[in-house]
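Single-structure report; data block below.
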Amino acid sequence: MPLDFPLFPEAASTMAGQVDAIYLFLVALSAFFSILIAGAVVYCAVRYRRRSDDEIGSNLHGSLLLEIVWSAIPLAIVLVLFFWGAKVFFAQSRPPADAIEYTAIGKQWMWKFQHPDGQREINTLHVPKGQPIVIKAISQDVIHSLYFPAFRVKKDVIPGRYTTVWFEATKTGSFHLFCAEFCGAEHSLMGGQVVVLEPEDYERWLAGGAATAQAPEEAGRQLFDQLACGTCHGEGDGGRGPSLHDIYGEEVRLVDGRTVTIDDQYLRESILTPAEKIVDGYSPLMPTYQGQISEENVFKLITYIKSLSPSPEDAAEANPAENAASAADEATEETL
Ligand SMILES: [Cu+2]
C-alpha cells in the first residue's frame, strides 16, 4: 500500500484508493506549481536584479502565444480534475444495486445504528467485509455528518431529510467513525468504532443478539396496527385513505396536479406532514404524526410499507434512482 504513512488514516474500503489517488494528485500538482513559481521568483530576482543605478528595464509588449499557453494548460488541468473528481463523486454517491441497507440516526450526541435484521447498536457498527453497505441516515435534531475516515466516505446527516452513505470494507478490524459537523458541546464525543468482520463472524455476531432483534418490517407492522393506520388504509382503495399496497416506486398524482414518485422521503413526509402532499381523489383527513412518531419508528413504518410492494423490478423501472433501495430491500430479505 503506497499510503501506509502515519499521516493518513488506514485505507480499508473499495473507495479509499480512488479518493487517495485524487488527493495525492492534487497535492503533487500544488507542490509542483508552488515550487515552480517560488523557484521562478527567486531565479528572476537574482538573474534580473538591478546591477547599477542607471540600469532601466526595457518595455514588455506582451505575447499572444504566451497568453494562450498559460490559459490552455491550466484549463486542461482543471478539466482533468473536474471529470476525474466527478467520476469519483458519482461512484461515492451511488450505492451499488446489491448494497444492503442499514439505518443511522444522529442526535446530540450519539449515533444509533440499525442492522437490516433489526439489531441495534449505539456508536459502534458491525459490518461484514466485502459487502456493499448503504446507510440511510437522518438527524433527530441538528445537522451532523457521518464520517468513516478509513473508508474515505462522509455524508451530512440532516433533520427532515434522508441521506445515504455507502461503502464496501476491504479489511477486517476496528476503525474510527466520527461526527464531522460541529453540532454542540459534546460534538467531539460523538464518534465510535466501525468493526469490520469476516462474513461468517458477522453472521455469528448477529446470531448472538438475535433474541432482542425484531425485523424492522415486523416492528413496522405492529406499529401500523398500534397507531390504527389500518382504519383508513385498507387493502383496497375503497377506504378513507389510499391503499398502501404496491405503491413503492410508483408515481402518484396529487390534488394540485403534481406527480411525485413514492420513495422513502415521500413516505416520511406523508406520515409526518400529510397535509403537504394530498393524494388526488382524497381529502386531507389524515392526522399529522409530527412529533409523535420517532425517526426510528418512521423507519419501521417505511420498511413495512415498502414490504407491501413486493416487486422491486417494477419499482426500479419506475425510477432508476430507487433501484438501489429496492435491491437493498431484496438483499435484506435474503439475510433474514
Ligand atoms: Cu454531531
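Going by my numbering, 841 is the number at position 170 of the sequence shown; the sequence numbering is gapless. Every residue gets a Cβ at the ideal spot worked out from N, C-alpha and C, and that includes glycine.
Under the three-state reduction of DSSP, His797 is assigned to strand. Here Val867 is not near Leu848, since their CB atoms are 8 Å or more apart.
In chain order, the residues positioned with their C-beta nearer than 5 Å to some heavy atom of ligand 1 are His815, Cys850, Cys854 and Met861. A straight-line Cα-Cα distance of about 14 Å links Ile964 and Ser810.
A Cβ-Cβ contact shorter than 8 Å links Ile814 with Cys854.
Bounds of the alpha helix (DSSP H) holding Gly710 are Ala687 to Arg718. For Pro830, the pairing in a beta bridge is given by DSSP as Ser810.
A distance below 6 Å between beta-carbons, with the five flanking residues on each side excluded, links Thr774 to the following residues of its chain, in chain order: Gln785, Lys807 and Phe970. DSSP places Phe754 in the uninterrupted alpha helix (DSSP H) bounded by Leu735 to Ser764. In this structure, DSSP gives Leu938 a helical state, which the three-state scheme calls helix. Going by DSSP, Ala890 is part of the alpha helix (DSSP H) stretching over Pro887 to Gln897. Spatial neighbours of Tyr833 in its own chain (CB-CB distance under 8 Å, excluding positions within 5 residues in sequence) are listed in chain order as Lys807, Ala808, Ile809, Asp935, Gln936 and Arg939. Judged by DSSP secondary structure, Phe970 falls outside any beta strand (DSSP E) and instead within the alpha helix (DSSP H) spanning Glu966 to Ser978.
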